[in-house]
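Residue numbers (my numbering), protein chains in the order written: chain A, 64 to 403; chain B, 64 to 403; chain C, 64 to 403; chain D, 64 to 403.
Okay, structure first, notes after.
Number of protein chains: 4
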Amino acid sequence: MIIIMETGARSEQTQRVIDFLENNGFKVRYNIGEVHTVIDALGDKTTITPGRIAAFDGVKEVKLIREPFRLASRDRKNEDTVIEFENGVKIGGNNKPVVIAGPCSVEDSYDALLEVANAVKESGGQFLRGGAFKPRTSPYDFQGYEEKALKYLKNASEATGLLTVSEIMDATELPLMMDYIDVLQIGARNMQNFKLLKAVGQCNKPVILKRGLASTIREFLLAAEHIMYNGNNKVILCERGIRSFDSDFTRNVMDIASIPVIRKYSHLPIIVDPSHGTGQRYLIEPMAKAGLVVGASGVMIEVHNDPENALSDGKQSLPIPMFKDVMGRLNKFMENIENM
Amino acid sequence: MIIIMETGARSEQTQRVIDFLENNGFKVRYNIGEVHTVIDALGDKTTITPGRIAAFDGVKEVKLIREPFRLASRDRKNEDTVIEFENGVKIGGNNKPVVIAGPCSVEDSYDALLEVANAVKESGGQFLRGGAFKPRTSPYDFQGYEEKALKYLKNASEATGLLTVSEIMDATELPLMMDYIDVLQIGARNMQNFKLLKAVGQCNKPVILKRGLASTIREFLLAAEHIMYNGNNKVILCERGIRSFDSDFTRNVMDIASIPVIRKYSHLPIIVDPSHGTGQRYLIEPMAKAGLVVGASGVMIEVHNDPENALSDGKQSLPIPMFKDVMGRLNKFMENIENM
Amino acid sequence: MIIIMETGARSEQTQRVIDFLENNGFKVRYNIGEVHTVIDALGDKTTITPGRIAAFDGVKEVKLIREPFRLASRDRKNEDTVIEFENGVKIGGNNKPVVIAGPCSVEDSYDALLEVANAVKESGGQFLRGGAFKPRTSPYDFQGYEEKALKYLKNASEATGLLTVSEIMDATELPLMMDYIDVLQIGARNMQNFKLLKAVGQCNKPVILKRGLASTIREFLLAAEHIMYNGNNKVILCERGIRSFDSDFTRNVMDIASIPVIRKYSHLPIIVDPSHGTGQRYLIEPMAKAGLVVGASGVMIEVHNDPENALSDGKQSLPIPMFKDVMGRLNKFMENIENM
Amino acid sequence: MIIIMETGARSEQTQRVIDFLENNGFKVRYNIGEVHTVIDALGDKTTITPGRIAAFDGVKEVKLIREPFRLASRDRKNEDTVIEFENGVKIGGNNKPVVIAGPCSVEDSYDALLEVANAVKESGGQFLRGGAFKPRTSPYDFQGYEEKALKYLKNASEATGLLTVSEIMDATELPLMMDYIDVLQIGARNMQNFKLLKAVGQCNKPVILKRGLASTIREFLLAAEHIMYNGNNKVILCERGIRSFDSDFTRNVMDIASIPVIRKYSHLPIIVDPSHGTGQRYLIEPMAKAGLVVGASGVMIEVHNDPENALSDGKQSLPIPMFKDVMGRLNKFMENIENM
């Protein structure tokens, strides 16, 4: 940790910082510069956060040297985390990228869901996704079919052999989810819902953690750290676009570079969601490829049997025939990607 | 609702949109322009959201005419909402702004809390705030003393006559909070935790709803709408800074203009939190004044008996003597503000 | 154009808007809704901008239907613009993507520049880039070698057959640039330097226009429109990252999706600059591929013979051996890309 | 300067950084941590920027200790800069805040300008502003009346005794501006037009420098540094809103807290422009007060004799009667502000 004192900080202010650091086990050195005094605190105490030191009078800024995420860091574990399912599907490392597809929300017709599931299966996908509990900006929007939706997912899974993914919005839904679902998803709006992170951290299901709309890469990895800290190492990160000043043509801005950044600093797999990332049907294929070419371990795509009548997110869902076409090209792309 | 079709949208695509709108009870008119066909859908159906129409093939963009928040809107209720407590304290409308102050977290010493509470009371504040359940970016940070903290708050309240404010992070904490706390706070990270919004919407406690870090004003009012939709009209909005590209000198950027904007479009009271808004002790007083001068109904300030040893957010907490000085000036300012 | 009046706008306010529109040749219709009156103005007058109408009392919002860029739009010209050079090199359309490479700044040694130029040529690049006039955030930074640098570039061009690209910062530099340089570059900070856009619009050199750090896609295309409006159609857009809330791991966030968006709405070619886009050497190759896979017509890469001693932007420059390796893979990638 | 090496950086990489620093006159110390090696470079060389060191292989991050702006910094000059005009008007320090008002653009009628100028004078303003050269996002917008506008301004100045402010867009306009104008304004889009900063730095006119839409406070002060570095110390900063993710209700987000931040770190005066900052007539008065209450040395307001027919920015211009009302209240506010 490096502490930069304000111009004109008094020596007793500096001394109080030094005393506190030493009392907490840090080895301390400092330089009195022409303008600023700079304190180096050597040691590695996760409990003495920069914010603690910043509170001292006369401190201008505190700079952490070591990344605050530990369990998620390559410093701690250099090999890629690979998450393996009972049916042999693997996510992460050098495994072929996976495809997670399905409707935004599971709707009222099981047949419709099954039709989508069959298309996913036939196209080479491994996971069926679908929302049962829906986070919605407006209370007037459709909120999801809850347990009925989970049952439909489980039935479609049994019929096709696909694994299932669905979003959990609250810890109280966990027992229900454990019965029906193979991978828990935490949505962007809940990335810093720490109670939820703790709850999924205490179970043993794989978790897809979506990046928050305004979350830095560091905060994203710290959210994963919450899950891992509570005991669950099966975390799959998901880049799904961040908020920017321009939402005229795309709903969010996909931070494609975050994928190789995260692969450099963390061992966790990261997948890409071009449906939510762009909000536009025509951008799903190119942005899926962009994510895969920089190292994503999978892609999540919204598909709907009838997007014009979807209860949510139809704009960013592929109709089934278009999904099959896209998958044909994506499969070829994923095969060739290593040779490029 | 206005629907703009893509250049080159086919007439059968336009027709499908029109049919859908008419089948859902809208009155429809359209203009075939040189480049774009534009459809006007008259009617006011909260259940047919723009996203539903955007999903149709050939639609470029959908523009909502009427604001999607209804219960929170001045269109529906023109008079300012005023929230009144049993002891006669009022928030909103033309009432004198309130002061909510206290430590970021309630810590281990009741005496320390009482010392702060006494300072708040003596300085003319009406509410004692303090965190019992703490949302923390890193799992290694202090997470709050939970029920013990709530008890301390209640005791300090009884000793001083101050009302209490504390953050709720999860619906399961609600029964506990109902026993101890006068005003529930929903933090910025939970502004779109819809399960939590629903839960507090179903109780009758006043709620301080903080603006999310990357939430638009419209999304902020829609989050309030979730609470009101579930039956609780006692919503107090709180501007506490948004995320921007510059965090070198302040933690967030306070969107001071959002206060008069919200007062124009909504009847709900809005207060200002310069501690979280800036993250800097020296900016609390000026930014409190900035919020008050544009119409905030109150100010929330972090105070600590010993900020250098605070377990959270010491950097943005005022020590007690400085708090008293600031309050002396703020009280004078609040008295004069109407005459300016 | 759609005009939404405020709730409670008076009928004489609405009438003044209507009169103004009709007097300016628009055909006008309006709907008096329950809450808002909405005016449709049919007609296509570039001179009556939304801002003109927004100024009327009682107007809440004005929505333009047709995109404000015209010459740059596919509505006006559907075929891709292809820019062809005398030596047969082509940018845009279905042509093989081009490679523009070279040092950030041309430095003191011609031999160093020639070494880089030879590497670019041998690796299959078509353009040598290098800064002569340098925009620098701090006045204490290196400002460029000006005409000497331009001469070096021209000499290296003659020695290798590469075309040259260099940034113009001011219209007064234009005569000098015309003598030495094949493609003018306008930097991100000057994207809305309208005097400069006008000046390059009045010459016949191809122009690479970089997207401003906080420019929307629409503003980006309007900046191109300024150049085209003044007579020069040879505009090459360049995505080089936008400013976001997170600059801890990358300098900017590359908006990769803007490439297929722009290809949908404009006929102009767009290239990608992963060096400035990320500021990190290790991200150049993956982000170049990400740009190419979504349709970029070229890639711009910084290369330096000795990055550790570069006078500017060494962090994001590839050393020559690494550049050759990357180019080996990129060439193979560009060949395969159409088959994927 | 603090240099943090990557995890796993090799000792010869660290040594190369150390050698470079020592060769450039820095005193160097370093700590080999468990995970990162950290190098402290003591010394104050403006020419060795962080970017130079970041280019070395194995460097993760470089942290500057001393602020890179020097002439603009309070470290260098502690007393507030006060800019005094021949007629006795002063900007900065503890002087009463000034008012700069006038139309966005000077239009075709001198009488209209004079009417505005008289209103500004009568209301207690000191400066008449008006655009002669207009930066416009679209080439189809009104571009300004150039010299005719400057003449009108000068005439109105002679008639009223007001000083004049007008925007310079290009160094070639400088001779003309020197004849007609008392204060040069540099617009937000040109904040990093370094040729223009240099040109105005070499003249002796006071300069109002507007903050760029996506400029950090540090970049803003470095832009001022460019002007000062070239010899002109009469720089007046102007906060006019930054770009954020929300532009539904206000054009920009005013960073009101930047005013006290800048007053803490710089001796330069800063004024506030609520017209451009919000783009909304009804927000001008409250946001002017917000700026003044936190320490702005002046306020810039757009006024128009007929906003509904203004050629630019009518939406954010006050009509004359409303301007007079607002000024009545602002004058009273400015008188009382020190007592609050």
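Note that CB positions come from ideal geometry on N, CA and C, so glycine has one too.
Residue i at chain C interface by Cβ criterion, 8 Å
i: I128/B; result: yes
i: R274/A; result: no
i: R281/A; result: yes
i: M390/A; result: no
i: G96/B; result: yes
i: A118/D; result: yes
8 Å Cβ cutoff met for residue i and residue j
i: L284/D; j: F132/D; result: yes
i: H99/C; j: I67/C; result: yes
i: M355/D; j: M397/D; result: Per the sequence shown, residue 355/D should be read as Leu rather than Met. Yes, these two residues count as a Cβ contact at 8 Å.
i: A212/D; j: A234/D; result: no
i: C301/B; j: R274/B; result: yes
i: G188/B; j: V169/B; result: no
i: I102/B; j: V80/B; result: yes
i: G361/A; j: I154/A; result: yes
i: I280/B; j: I325/B; result: yes
i: E365/B; j: C167/B; result: yes
i: L225/D; j: K258/D; result: no
Beta carbon proximity, residue i to chain D, threshold 8 Å
i: T70/C; result: no
i: R306/C; result: yes
i: Q255/C; result: yes
i: L213/B; result: no
i: G151/B; result: no
i: H330/A; result: no
i: D376/A; result: no
Residue i - partner residues in DSSP beta bridges
i: L393/A; result: In the DSSP output, where bridge partners are listed per residue, L393/A has none listed.
i: F190/A; result: I163/A and L226/A
i: V366/A; result: L381/A
i: K108/D; result: K108/D pairs with nothing; no bridge assigned.
i: C266/A; result: C266/A is not bridged to any residue.
i: I20/B; result: Missing from the structure shown is residue 20/B; chain B here goes from 64 to 403 and no further.
i: Q248/C; result: E230/C and I271/C
i: E147/C; result: K153/C
i: Q172/B; result: In the sequence under discussion, the amino acid at residue 172/B is Ser, which differs from the Gln named in the question. None, per the DSSP bridge assignment.
i: G361/D; result: V161/D
i: K126/D; result: I65/D
i: S136/C; result: S329/C
Cutoff 8 Å: residue i Cβ touching any chain A Cβ
i: N399/C; result: yes
i: I102/D; result: no
i: T227/C; result: no
i: H99/D; result: yes
i: K258/B; result: yes
Distance cut-off 7 Å: residue i Cβ against heavy atoms of the ligand PLP
i: E282/C; result: Absence of the ligand PLP is noted for the structure shown, with no ligands found whatsoever.
Residue-level contact to chain F via CB, residue i, 8 Å cutoff
i: D233/A; result: The chain inventory of the structure shown lacks chain F, comprising the protein chains A, B, C and D.
CB contact below 8 Å: residue i versus chain B
i: P349/D; result: yes
Query raised in the report: Counting Cβ pairs, one atom from each stretch, are 3 or more of them under 8 Å apart for the stretch 203–221 of chain C and the stretch 243–251 of chain C?
Result: yes
Requested in this report: Check whether the stretch 333–340 of chain D touches the stretch 137–152 of chain D, taking contact to mean three or more Cβ pairs, one atom from each stretch, closer than 8 Å.
Outcome: no
Query - Runs of beta strand (DSSP E) wholly within the stretch 269–344 of chain C (minimum 3 residues, chain order) - result: 270–273, 298–302 and 333–335
**Report entry** Cβ contact check for the stretch 76–90 of chain D and the stretch 388–395 of chain C: 3 or more pairs under 8 Å
**Finding:** no
Query raised in the report: How about the stretch 118–134 of chain A and the stretch 287–301 of chain A: do they share at least three Cβ pairs that are nearer than 8 Å?
Result: yes
Report task. Could you say if the stretch 301–321 of chain C and the stretch 311–323 of chain A meet the contact criterion of at least three C-beta pairs nearer than 8 Å? Result -> yes
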